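Student: Heads up, the final residue of the sequence shown is numbered 89 in my numbering, and it's a clean run with no missing numbers. Take a look at this one; I'll ask things after.
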Amino acid sequence: MDTTKIREHMQVYSNDNSVFGTVDKVEGESIKLTKDMSGQHHYIPTSWVEKVDDKVYLNRSRDEANARMEERGGLKPTRVPVRVTD
4 MDTTKIREHM
14 QVYSNDNSVF
24 GTVDKVEGES
34 IKLTKDMSGQ
44 HHYIPTSWVE
54 KVDDKVYLNR
64 SRDEANARME
74 ERGGLKPTRV
84 PVRVTD
């Protein structure tokens, strides 16, 4: 698949014709999607791309892609260890 055709702000569709996201940019062999409601960027591999025209079409369902995509960035809760002394 020629990923050089993928451009910012293109809609991404799963193979069950659901809108999956919007392209932020291509980073190496990953497509960075725009931030979600919680401020997370999600990444999907370019190997998931079936075809590109004015949209990006994935070779998997929305459910499968949701279960396997990677999150990076955004706000994540941090746990700080607490030492309890007597």
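Glycine included, each C-beta is placed from N, C-alpha and C at the ideal position. It should be emphasised that the depicted structure is a prediction, and the values quoted were computed from it without experimental measurement.
(1) DSSP state of T37, grouped into three classes?
(2) I need the boundaries of the alpha helix (DSSP H) containing E11, first residue and last residue.
(3) Between L61, A68, R71, E67, which lies nearest to N18 when the distance is taken from Cα to Cα?
(4) For V15, count the other beta carbons within 10 Å of its own beta carbon; 16 or more makes it buried, fewer makes it exposed. Which is it?
(5) State the DSSP-derived secondary structure class of E53, mapped to helix, strand or coil.
(6) Answer yes or no: do S33 and R65 have a C-beta to C-beta separation smaller than 7 Å?
Tutor: A quick look at the data gives this:
(1) On the sequence shown, position 34 is the one that residue 37 refers to. It is coil, neither helix nor strand.
(2) Residue 11 sits at position 8 when you count from the first residue of the sequence shown. Element bounds for E11: n/a, residue is neither H nor E.
(3) By one-based count along the sequence shown, residue 18 stands at place 15. Measuring from the Cα of N18, the nearest candidate turns out to be L61.
(4) Translated into positions along the sequence shown, residue 15 becomes position 12. Buried is the call here.
(5) Walking along the sequence shown from the start, residue 53 turns up at place 50. Here E53 sits in strand by DSSP.
(6) Position 30 of the sequence shown, counted from the first residue, corresponds to residue 33. Position 62 of the sequence shown, counted from the first residue, corresponds to residue 65. Not closer than 7 Å, so no.
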